[in-house]
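Everything in the sequence shown is counted per full-length UniProt numbering, starting at 1 for the first residue and increasing by one.
Positions of the beta carbon are idealized from the N, C-alpha and C atoms, including for glycine.
Computed from a predicted structure; not experimentally measured.
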Amino acid sequence: MTDGKTVLLVEDDPAIALIIRETLVDECGTFASVGSIAERNAWLADHRPDLIITDVVLPDGDGIDSLPGVGVDPATPVIVLSAQNTLDTAVRATGIGSYDYLPKPFDLEELTASVRAALQRRAEPAAKADAGQADSHGLVGRAPAMQAVYRTIARLASNDLAVLILGESGTGKEVVARAVHATGLRRAGPFVAINMAAIPRELIEAELFGHEKGAFTGAHSRNAGRFEQAAGGTLFLDEIGDMPLEAQTRLLRVLQSNEYSTVGGSQALRADVRVVAATHRDMRALVADGRFREDLFYRLNVIPVTLPPLRDRRSDIAALVRHFVDAGRHSGLPDRQFAPAAMQMLERHDWPGNVRELGNVVQRLAVLSRDTVVTARDVQAVLHDNIDGVGTAEPADLLARAVDDWARDQVAEGAADGDIHERLEAIVEAALFRRILREVRGNQLEAARRLGINRNTLRKRLGQLDIDPAHP
């Protein structure tokens with residue numbers, strides 16, 4: 001119990017108010033409960049609480065927007081409760097300087113812990129909410145896993161720390177990066193993105209840091225790099241796990257010193273950017289394998305944001321479908337409704353390509369469906385044509401899922417111990433060797449070079465796998 005502390009609850013649902021009262025009554029000296037903004041303002045006229053817990057949607061207005069300006073000490077911590085579980089709500093809660101934001105339904109133990117912590121220290125002075133943040137910045141969903149993402153983004157609004165966004169391909173990592181930028185201190189500056197996997201390794205440093213005229217063959221004029229283009233804003237390094245080691249070394253020096261020079265240049269330039277990186281790879285595994293610098297990983301991983309795969313937030317699929325239908329309509333696609341059976345089929349699908357694949361399917365349905373109401377048969381046909389996401393999921397993700405399915409079947413069929421790895425290795429290796437040999441027209445020396453193995457090792461394995469290099 002925190003003796004002498006006064007807690008004010010603003011909640012219009014009597015049942016919820018009663019549960020919170022019974023949970024917190026022993027945590028404070030005085031517990032008061034009101035059900036509207038008018039009652040709250042009247043109570044605040046005569047009392048000074050040590051903590052305010054408030055709902056957002058109240059009978060006579062918005063519990064967040066109406067709080068500033070009613071005479072509350074700016075140092076008074078505020079805990080926001082809301083069933084309006086969007087990034088906008090989390091950002092607005094942060095905008096009033098709230099101590100915490102708990103989406104409904106909330107865990108009573110989490111609420112109690114937050115109340116105890118809030119009463120033990122004073123919150124930072126409240127800041128004015130920014131009217132320019134009145135949307136969810138493209139993020140859709142109210143699943144618990146997304147609430148954690150919203151809360152993290154909201155807490156990043158008042159600082160300039162580096163962010164590392166993790167998640168499978170298609171989960172919306174760039175959307176989150178843009179939301180971090182749009183709600184942060186640098187939102188008035190540019191947002192500049194670069195995909196590490198799409199840039200030839202020999203050009204990455206020139207792309208990032210720019211180059212001077214004559215720095216290399218083809219450099220006919222000075223070119224500003226992404227760090228310079230993003231000055232005052234956010235630099236988004238997508239697929240950071242694919243960055244070559246030599247470029248990682250230079251990026252680390254820039255992050256340590258906040259200075260860089262162009263390729264072929266000698267003048268030190270200031271790196272005035274917030275760095276947000278993203279990858280679908282297992283970064284700790286890359287570090288363990290020596291393919292990613294550990295010190296750079298920790299520089300980037302100051303604030304990690306992990307995005308859930310769509311199969312772990314199926315409750316958000318209906319809202320995402322509506323979002324994609326609305327976006328398509330604004331782009332000239334026909335409006336569509338989804339029959340209950342059609343929506344159920346979408347919600348049951350595993351979506352290996354995640355939100356990106358869902359958006360692709362919804363747009364295709366909007367074009368191909370003959371009626372305004374999409375049926376289960378329409379969905380089934382499109383999902384079949386989509387081959388369960390082959391067109392939208394990353395090949396590595398599909399391979400991992402295929403291996404998972406194969407291994408599950410082997411275990412179910414009682415495969416002999418000690419045999420599974422060897423057989424899988426043969427299947428994968430044979431497919432890899434055949435593809436590379438076709439690409440190099442049977443040239444074993446070139447195939448060995450691309451595979452990164454000795455030519456004699458390749459010839460031995462081709463024999464063991466019964467592969468004719470001339471006709472793979």
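Out of curiosity, what's the CA-to-CA distance linking residue i and residue j?
i, j, result
"A339", "Y298", "48 Å"
"R226", "E205", "10 Å"
"R284", "K460", "33 Å"
"P190", "A230", "6 Å"
"N454", "G172", "40 Å"
"L320", "A157", "25 Å"
"V302", "L269", "24 Å"
"R336", "V362", "9 Å"
"E124", "V367", "For E124, the predicted structure reports a pLDDT of 38, less than 50, and the residue's modelled location is therefore unreliable. A value from the coordinates is still provided. Using only the alpha carbons, I get a separation of about 51 Å."
"G389", "R314", "A caution first: G389 carries a pLDDT of 44, below 50, which makes its placement in the model unreliable, though a value can still be read off. In a straight line, the C-alpha of G389 is about 16 Å away from that of R314."
"I16", "N195", "47 Å"
"K128", "G63", "Here the model assigns K128 a pLDDT of 32, short of 50, so the residue's position is not dependable and the matter cannot be decided."
"V273", "V254", "11 Å"
"D468", "V440", "14 Å"
"residue 487", "V192", "Limits of the chain in this structure are 1 at one end and 472 at the other, which puts residue 487 out of reach."
"L465", "A198", "33 Å"
"A117", "D13", "25 Å"
"A470", "G463", "13 Å"
"R155", "V149", "10 Å"
"H220", "R201", "20 Å"
"T279", "T152", "18 Å"
"R21", "A32", "8 Å"
"W406", "P352", "16 Å"
"R450", "G232", "41 Å"
"R434", "G442", "9 Å"
"N223", "T262", "9 Å"
What three-state label does DSSP hand residue i in the structure shown?
i, result
"D326", "helix"
"I53", "strand"
"S114", "helix"
"T23", "helix"
"P340", "helix"
"A131", "Note on A131: pLDDT 31, under 50, position unreliable in the model; the coordinate value appears next. Three-state result, A131: helix."
"V440", "coil"
"L8", "strand"
"I453", "coil"
"F209", "helix"
"S33", "strand"
"N258", "coil"
"V403", "helix"
"V263", "strand"
"G389", "Low confidence applies to G389: its pLDDT is 44, below 50, so where it sits in the model is not reliable, and the reading given next is rough at best. Of the three classes helix, strand and coil, the one that applies to G389 here is helix, per DSSP."
"A204", "Position check: residue 204 holds Ile in this sequence, whereas Ala was assumed. Of the three classes helix, strand and coil, the one that applies to I204 here is helix, per DSSP."
"G332", "coil"
"G218", "coil"
"H384", "helix"
"I467", "coil"
"A231", "coil"
"D13", "coil"
"V180", "helix"
"Q120", "helix"
"Q433", "What sits at residue 433 in the sequence shown is Phe, not Gln. It is helical."
"V355", "helix"
"residue 502", "The displayed coordinates of the chain run from 1 to 472. Any statement about residue 502 would go beyond what the structure contains."
"M345", "helix"
"R48", "coil"
Pop quiz: residue i and residue j are said to be a contact at Cβ under 8 Å. What is the actual Cβ separation, rounded to whole angstroms?
i, j, result
"H349", "L383", "6 Å"
"L358", "L310", "6 Å"
"L458", "A447", "6 Å"
"L51", "T112", "Incorrect: roughly 12 Å between the Cβ atoms, too far for contact."
"A376", "A426", "That belief does not hold up - the Cβ atoms of A376 and A426 are roughly 40 Å apart, past 8 Å."
"L237", "A277", "4 Å"
"L81", "L102", "5 Å"
"G290", "H211", "About 29 Å separates the two Cβ atoms, so there is no contact after all."
"C28", "T6", "7 Å"
Does the beta-carbon of residue i, which I'm using as the reference point, lie nearer than 6 Å to any heavy atom of the ligand GDP?
i, result
"L24", "The model depicted lacks the ligand GDP and carries no ligand whatsoever."
Which partner residues does residue i have in the DSSP bridge list?
i, result
"Y101", "V80"
"G61", "L58"
"A193", "F236"
"V379", "Per DSSP, none; premise fails for V379."
"residue 474", "The chain is shown from 1 up to 472; residue 474 falls before or after that span and cannot be answered."
"V373", "Q337"
"N223", "H211"
Shorter than 7 Å from the beta carbon of residue i to some beta carbon of chain D?
i, result
"S261", "In the displayed structure, chain D is absent; only one protein chain is listed."
List, from N- to C-terminal side, the beta strand (DSSP E) runs of 3 residues or more that fit wholly inside the segment 139 to 177. 163 to 166
Just list the alpha helix (DSSP H) runs in the segment 265 to 326, keeping only unbroken ones of 4 residues or longer that don't cross its boundaries, in chain order. 283 to 288, 294 to 300
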